[in-house]
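Q: Order-wise, the sequence lines are chains V and P.
Its first residue numbered 56, the first sequence is counted upward by one per residue in my numbering.
Its first residue numbered 423, the second sequence is counted upward by one per residue in my numbering.
Every residue, glycine too, gets a C-beta built ideally from N, C-alpha and C.
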Amino acid sequence: MTRYIIRRLLWGVALLILVSALTFVLFRILPTADPAKLRAGRLSSPKILAEIRNDLGLNKPLLTQFWIYMKGIFLHFNLGYSYYSDASVKSLIFSRIPDTVSLVFGGAVVWLVAGLTVGIISARRPRSRLDRASMGGALVLVSAPEYWLGLIVLYLFAADIGRLRIFPGAGSYVGVTSDPWKWFTSLILPWLVVAAGNAAIYARLIRGSLIETMGEDYIRTARAKGLSERRVVLRHGLRSAINPVMTIFGLDIGVLLGSSVLVETVFDIPGIGRLNYDAITHSDFPIVQGTVLLAALFIIVANILVDIAYAYLDPRVRYS
Amino acid sequence: MSVAPHQPLLRVEDLHVEFSTEDGVVHAVDGITYQVERGRTLGIVGESGSGKTVASMTTLGLTRSQGAQISGRILFEGRDLVALSDGELRAIRGNEIAMIFQDPLSSLHPFYKVGYQLIEAIRAHRDVTKAQARARAVELLGLVGIPDPSRRVDDYPHEFSGGMRQRAMIAMGLANEPKLLIADEPTTALDVTVQAQILALLERLQRELGMAIVIITHDLGVVAEMADDVAVMYAGRIVETAPAEIVFGGPEHPYTWGLLKSIPTLGGSREDDLVPIPGTPPSLINRPSGCHFHPRCPYAQPDHARIDPPLQAVPGEPTHHVACLLEADVRRRLWAELRAGRLPDEALAAAGLPGEPS
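1. Measure from the alpha carbon of ILE256(V) to the alpha carbon of each residue in TRP236(V), GLY328(V), ALA163(V) and GLY230(V), then state which is nearest.
2. Measure from the C-beta of VAL361(V) to each C-beta in chain P and report whether the shortest distance is under 8 Å.
3. Return the chain-ordered list of same chain residues with a C-beta closer than 6 Å to the C-beta of TRP246(V), the five sequence neighbours on each side being excluded.
4. Can you list, in chain order, the residues of its chain whose CB lies under 7 Å from that of ALA622(P), leaving out five sequence neighbours each side?
5. Do LEU158(V) and VAL318(V) have their CB atoms nearer than 8 Å?
6. May I ask which residues mark the beginning and end of the alpha helix (DSSP H) holding VAL361(V)?
7. DSSP three-state label for VAL422(P), please.
8. Only counting the same chain, and skipping five residues up and downstream in sequence, which positions put a Cβ closer than 7 Å to that of VAL68(V)?
9. Provide the residue(s) that pair with MET655(P) in DSSP beta bridges, ordered along the chain.
10. Just the chain V side, please: which residues come within less than 9 Å of ASP650(P) by C-beta, in chain order?
11. Assess, as a yes-or-no matter, whether the stretch 626 to 640 of chain P is touched by the stretch 455 to 469 of chain P under the definition of 3 or more beta carbon pairs within less than 8 Å.
12. Quick one, are the C-beta atoms of VAL208(V) and VAL144(V) less than 8 Å apart?
13. Quick check: the stretch 555 to 570 of chain P against the stretch 493 to 506 of chain P, are there 3 or more CB pairs under 8 Å?
14. Per the contact definition of three or more C-beta pairs closer than 8 Å, is the stretch 292 to 308 of chain V in contact with the stretch 210 to 230 of chain V?
15. Below 8 Å on C-beta distance, what does GLU271(V) contact in chain P?
16. Going by DSSP in three states, GLY446(P) sits in which element: helix, strand or coil?
17. Can you tell me which of the three DSSP states SER143(V) falls into?
18. Am I right that ASP577(P) and VAL616(P) are in contact with their C-beta atoms under 8 Å? What's the rounded C-beta distance?
19. Does PHE498(P) have its Cβ less than 8 Å from a Cβ in chain V?
20. Please return the same chain residues whose Cβ sits closer than 6 Å to the Cβ of ALA213(V), not counting the five positions on each side in sequence.
21. What residues in the stretch 475 to 495 of chain P have a beta carbon less than 9 Å from any beta carbon of chain V?
22. Which ranges would you report for the alpha helix (DSSP H) in the stretch 582 to 631 of chain P if only whole runs of at least 4 residues count?
23. Name the chain V residues that come within less than 7 Å of GLY516(P), Cβ to Cβ?
24. Quick one: is GLU510(P) near chain V, going by C-beta distance under 8 Å?
25. Using DSSP's beta-bridge definition, name the partner residues of MET125(V).
26. Between ARG486(P) and GLU440(P), what straight-line distance do the alpha-carbon atoms span, to the nearest angstrom?
27. Could you pull the start and end residues of the alpha helix (DSSP H) that SER493(P) belongs to?
28. In angstroms, rounded to a whole number, what distance separates the CA positions of THR57(V) and ASP369(V)?
29. For ASP525(P), which residues in chain V fall below 7 Å Cβ to Cβ?
30. Give a yes or no on whether the C-beta atoms belonging to THR155(V) and ILE327(V) are separated by under 8 Å.
31. Looking at the structure shown, is GLY483(P) part of a helix, part of a strand, or coil, going by DSSP?
32. Residues in the same chain with beta-carbon distance under 8 Å from SER780(P), minus the five sequence neighbours each way, listed in chain order, please.
33. Let me know the secondary structure DSSP gives GLN554(P) once reduced to three states.
34. Do the stretch 526 to 542 of chain P and the stretch 578 to 586 of chain P meet, that is, are 3 or more Cβ pairs less than 8 Å apart?
35. Express the C-alpha separation of ILE261(V) and SER295(V) in angstroms, rounding to a whole number.
36. So, does the CB of ASP369(V) fall closer than 8 Å to a CB anywhere in chain P?
Now the structure itself:
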């Protein structure tokens with residue numbers, strides 16, 4: 056098992072190096088715009104451009120540039136400096152992580168609870184009216200784009216512009232350390248929007264998985280033991296049915312941590328996604344590059360965690 | 423002392439179990455009646471799809487969740503299990519009546535340790551601490567012959583061999599010292615040598631614990647080994663029932679003859695060909711008219727396709743019941759011929775019956 060984890064970690068590192076190289080190709084080699092010009096902004100005179108080229112090392116051979124770039128990332132976690140604000144990308148990203156984590160993990164709790172509840176209820180009475188209604192509703196939610204859903208809930212429930220002024224709307228977000236209650240209330244709508252589509256997907260997944268599991272022989276055994284139906288479903292059925300769902304859950308969290316752009320933009324939450332969005336509009340390449348690498352890191356880590364978790368969830372899986 | 427009327431441990435009366443499917447109503451169990459005395463073993467024999475498993479699962483109420491329509495009575499110590507609520511039935515399941523199943527690997531939860539699954543079975547019915555239940559789980563594993571039970575209790579099912587898994591299932595069934603153990607094809611998925619061990623284990627446990635056993639099987643060898651009484655099922659009905667020695671010594675139903683002639687015996691000479699039963703078991707949705715066995719019966723007469731035979735006592739044998747339209751003396755002549763090694767056609771001619779119209 057330990058050997059498996061080590062191998063998995065090494066593989067993750069290799070993947071990260073590959074992604075870093077890829078971003079280098081994407082942002083430095085493929086002709087997009089001259090970094091020096093972007094950095095200089097309106098002040099671009101030939102002299103300043105030359106200075107910038109020198110500072111950023113753009114006049115060195117590509118391979119040397121690549122070496123410096125990779126060394127910076129892996130030894131010092133140096134992702135460069137924003138063209139726009141001069142701040143270090145590392146500090147910008149670190150300052151934004153708590154907000155994205157707040158959004159994603161809160162949303163994940165909501166969608167997991169909602170998805171599990173609806174999925175279990177539907178699976179217990181397949182083809183009942185309740186099942187059909189919830190699966191129909193799920194289909195609608197799956198199909199609704201996040202930004203559209205975000206605007207709709209703001210229109211309906213936001214305290215400033217909503218028809219029913221219940222929850223704080225866009226721009227009300229504050230960090231958890233400054234005012235926990237305000238942090239919580241300001242995130243209710245974003246959480247719901249992040250959760251909606253995923254809750255629907257998870258409800259369908261869990262429903263299908265649980266219906267299949269409830270037909271297994273060991274469920275019959277559990278019933279034959281005289282266990283309560285509740286225990287049969289939750290301890291025996293769900294315990295098996297949840298496995299494939301947990302696999303996807305890990306990946307979804309990883310992906311969302313790196314790419315919650317739409318919801319953060321709609322609700323004006325200053326997280327990674329918002330940072331990325333702003334950087335793209337300003338052609339602030341170092342930040343875009345930094346967030347891309349961060350997203351890759353999240354996904355790779357999530358993948359490894361899922362694989363490890365699998366071995367613990369299913370005792371038959373013992374990687375060698 | 424007032425004499426209480428004789429009450430068998432389990433008495434099933436006119437039990438019907440039907441399932442509605444898209445293709446029609448499946449008559450899985452079609453009016454069966456049998457009883458099991460305390461400490462005795464009933465063997466229920468039949469091919470796949472004869473309704474033997476459904477009948478037993480219904481005893482435990484396990485077909486309820488599958489939307490079965492159940493009628494008739496299942497009297498366990500005088501209480502009608504069909505009429506009990508789910509909660510009342512649950513208090514009996516795994517407690518007074520336990521069941522073990524065919525495939526021990528798929529019947530144990532793959533994600534929980536064997537010990538956990540045993541402890542769960544104990545604590546479902548006994549108000550004991552986890553430590554006490556665990557001690558009992560170790561004791562049970564030892565009882566069913568698992569070596570080093572205090573260590574193996576923490577194994578997962580996949581770490582057990584097939585025979586050990588079935589032993590663990592039996593241990594789980596015995597957890598609360600049931601009065602009745604229903605064993606559904608307990609040896610079918612196992613190697614032959616392991617089969618014998620499991621049967622010997624069941625017999626030993628029955629002697630030690632005094633429980634009654636219903637053993638469901640398609641294997642007459644298992645029945646010969648275990649059963650005091652035998653019920654032969656065909657197409658959802660019991661077609662013959664009697665004490666085991668009568669079923670093996672003087673069977674009266676052509677289906678039972680077919681079963682007996684289709685198993686190899688060590689004593690029989692090599693020339694005694696095995697005679698398979700022709701055809702396949704009927705659909706339980708569109709069952710044959712008249713005697714359900716007539717399409718496969720070598721001795722069927724034209725009116726057997728019309729008349730549905732009731733299960734009746736054989737003249738002179740009050741414990742022997744058979745559902746067959748042939749006359750009793752004709753049946754005896756036929757069996758005498760078959761036992762002498764004649765083929766069905768020869769027996770038919772020797773008994774002076776007209777052959778099949780075909």
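A: Here's the rundown:
1. Comparing Cα positions, the closest option is ALA163(V).
2. Taking Cβ atoms only, chain P never reaches closer than 8 Å to VAL361(V), which makes this a no.
3. Around TRP246(V): GLY161, GLY162 and VAL165.
4. A distance below 7 Å between beta-carbons, with the five flanking residues on each side excluded, links ALA622(P) to no residue of its chain.
5. Yes; because the gap between Cβ atoms is below 8 Å, this pair is in contact.
6. Counting along the chain, the alpha helix (DSSP H) containing VAL361(V) begins and ends at 340 to 368.
7. Not covered by the structure: residue 422(P). The range shown for chain P is 423 to 780.
8. Within its own chain, no residue has a Cβ closer than 7 Å to the Cβ of VAL68(V) once the five positions on either side in sequence are excluded.
9. Residue pairing by DSSP puts MET655(P) in a beta bridge opposite ILE660(P).
10. Listed along chain V, no residue sits closer than 9 Å to ASP650(P) by beta-carbon distance, the nearest being about 24 Å off.
11. Taking 8 Å as the limit for Cβ pairs, the verdict is that the stretch 626 to 640 of chain P does touch the stretch 455 to 469 of chain P.
12. The answer is no: Cβ separation not under 8 Å.
13. Judged by Cβ distances under 8 Å, the stretch 555 to 570 of chain P makes no contact with the stretch 493 to 506 of chain P, as fewer than three pairs qualify.
14. Short answer: they don't touch.
15. Under the 8 Å cutoff, chain P gives SER528.
16. Strand, per DSSP.
17. Residue state, collapsed to three classes: strand.
18. About 18 Å separates the two Cβ atoms, so there is no contact after all.
19. PHE498(P) does not count as touching chain V.
20. Only residues of its own chain outside the window of five on either side were considered, and among them GLY224 have a CB closer than 6 Å to the CB of ALA213(V), listed in chain order.
21. Using a CB distance below 9 Å, the part of the stretch 475 to 495 of chain P facing chain V consists of MET479, LEU482, GLY483, LEU484 and SER487, ordered along the chain.
22. DSSP runs (the alpha helix (DSSP H)) wholly in the stretch 582 to 631 of chain P: 584 to 596 and 614 to 631.
23. Counting only Cβ-Cβ distances below 7 Å, GLY516(P) has contacts in chain V at ALA279, LYS280 and GLY281, in chain order.
24. It does not: the Cβ of GLU510(P) has no partner Cβ on chain V nearer than 8 Å.
25. MET125(V) is not bridged to any residue.
26. About 11 Å.
27. It is not in any alpha helix (DSSP H) - SER493(P) instead sits in the beta strand (DSSP E) that spans 490 to 498.
28. Approximately 16 Å, taken between the alpha carbons.
29. Under a criterion of Cβ atoms nearer than 7 Å, the residues of chain V adjacent to ASP525(P) are, in order, ASP272.
30. Cβ distance < 8 Å, so THR155(V) and ILE327(V) count as in contact.
31. DSSP, read as helix, strand or coil, puts GLY483(P) in coil.
32. Low per-residue confidence applies at SER780(P): pLDDT is 41, beneath 50, and the placement is therefore not dependable enough to give any value.
33. Of the three classes helix, strand and coil, the one that applies to GLN554(P) here is helix, per DSSP.
34. Contact check between the stretch 526 to 542 of chain P and the stretch 578 to 586 of chain P: three or more CB pairs, one atom from each, fall below 8 Å, which counts as touching.
35. In a straight line, the C-alpha of SER295(V) is about 10 Å away from that of ILE261(V).
36. The beta carbon of ASP369(V) sits closer than 8 Å to some beta carbon of chain P.
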